[in-house]
Structure formats: C-alpha cells, structure tokens
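Presented below is the structure to which this report refers.
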Amino acid sequence: MDCRVLQLVIQSARELRNVNRVTTMKPYALVSIRDNQNNLHSSEEKTPADRGGGSNPTWNSPVTFNLDITKAKESNLELVVKLMSFRRNHLCKDKEIGEVRVFITKLLEGFGGEAKADAVVAEKQMSANVITADAKPQGTLLFSYKFESVSTVQKPARQINFPTEPQNVQQDTEQPAGWVDPLIKGIDGTGLTNTGLTSVVTSDAAAAPPPPATQTHVATAVEDEEDDYEDEDEDFED
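This is the structure we're talking about:
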C-alpha cells in the first residue's frame, strides 16, 4: 500500500456569492475526500466560521488526510471543499455557498505525478473556482497543499528489571570500640569503676527527700473525728 499524508491549509476565498438576504455571511468550509458518486472516503473536516468575512472570508485552517495513492488514482478520488454560510438561528439550516472539487491526480501533478516517500518538496499553492448550486462559477478558493510520507513510530520494547538475588551481608554484632567511654568517664575526666557507678546511684537515691506523710495526717484526722463522735454520744446518754 502506497500511503501518503495530504496536508492542506484552507486559506481564504474571494468574491463569493452572498446567499444571505439581510445579514452578513459567516462562511466556513467542509473538507473531505470523495469519489465521483460523492461517496465519502475520509473524515469530513470543518474550519471555523469567519463571522465577519462576508464574501471574502479568511481561515488559514490546516487539514490533514491519509491517502492510499494507488486507490486514489484507480477510483478517481477528489478533494472536495464545500463552502457554507453559518446561520445563528438553529431552526434554519446553514446555507450552501458553493463547492470546489479537485482530483487527487491533479494535485499530484505538482509533484511530477508522484508523491515519493523520500522527496523533500515545498508546499504548492492552488486557486480553484467555486461552483454554485446552479452550476455557475462564482468566486475563488485559495489553498496550499503538500504530500508527506507516513512515518511509523515504533514504541521501544518495555524493559523489565528483574530483582537480583539477595546478597548475604554479614552484620558485625560486636560493639565498636570506645562506645562505653562517654559513660565510664566522669565529668572531670576521671575513670569510674562499676562499684563507683553503683555508689553514685545509691547516694542519689538516698539524697532524695522522703515523700510527704499525707496518709498519716489523714488517718489522724479521721481518728480525731471518731473520738469527737464518741464524746457526743456519751453526753447524749447522760
């Protein structure tokens, strides 16, 4: 299959028939590839409407099609550009201004009748008559075009990094030398023995003040209250 990319730029139109009776035309273009029976052989691309263009609209809108060159020649495929006038009222259909039809083989003539894959060529310019619905020429369409090769980009194969075998790492369980030094050495730099450390802890515990005798006072107060009640009972019995 001999495939090429047809790159178009729908540039502008001049002296189109005014199909609007009152308001200014807002022309846009419908672009497609069709055969002589008007069967569609591509998508139909739409340019934006030139809302102030009137009979002389400007678009400069790019359009791209993938073409089978062999099929285009055998089936006499055509580039079809239909010009329409946009209507704001949704109850009314857009009006057709006219259309342009150009054979793909005619476009290939600008490239010597072929569109070679490795050829480096500048885009070509073309002007074509716009044919109205009553088969009369009215206005001119301007567009540029060129053929380019279809580049096939292959995605790189997905790379999977498998985990490596775990390595046996021998950990050193021995404590590093000198790790006890900050504990054994005193503030003044003198060494302390195990006995000395024990005596320091014992002396600190002995120096701590005893907890307040809160429970003793509470018990004494309760006993005093009980004595008072007993005295009151004795007075009452008397």
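Per UniProt numbering, the sequence shown runs over residues 1 to 238.
Where is the CB? At the ideal position from N, CA and C, for every residue including glycine.
Since the model is a prediction, treat every value here as computed from it, not as a measurement.
The secondary-structure analysis by DSSP pairs Glu-99 across a beta bridge with Lys-82, Ile-131. Just so you know, the alpha carbons of Arg-17 and Ser-43 end up roughly 27 Å apart.
Pro-27 and Arg-88 have their C-alpha atoms spaced approximately 12 Å apart.
Between the C-alpha atoms of Asn-66 and Phe-147 there is a straight-line separation of about 10 Å. Pairing Glu-123 with Phe-103 gives a Cβ-Cβ distance that is not under 7 Å. Annotation: the continuous beta strand (DSSP E) that includes Ala-13 extends over 3-14. Leaving aside the five residues that flank Thr-24 on each side, the residues in its chain whose CB is nearer than 6 Å to its CB run, in chain order, Gly-54. The beta-carbon separation of Ser-144 and Gln-11, rounded to 6 Å, stays under the 8 Å limit for a contact.
For the pair Arg-4 and Val-22, the Cα-to-Cα distance works out to about 44 Å. Pro-57 is classed as buried because its beta carbon has at least 16 other beta carbons within 10 Å across all chains shown. Going by DSSP, Leu-108 is part of no beta strand (DSSP E) but of the alpha helix (DSSP H) stretching over 104-108. Contact check for Val-9 and Asn-76: beta-carbon distance about 24 Å, past the 8 Å limit, so the pair fails to qualify. Per DSSP, reduced to three states, the secondary structure at Thr-24 is coil, with no helix or strand assignment.
Annotated as distal: Thr-64 and Gly-98, with beta-carbon spacing of 7 Å or more. Ala-49 sits in coil when the DSSP states are folded into three classes, being neither helix nor strand.
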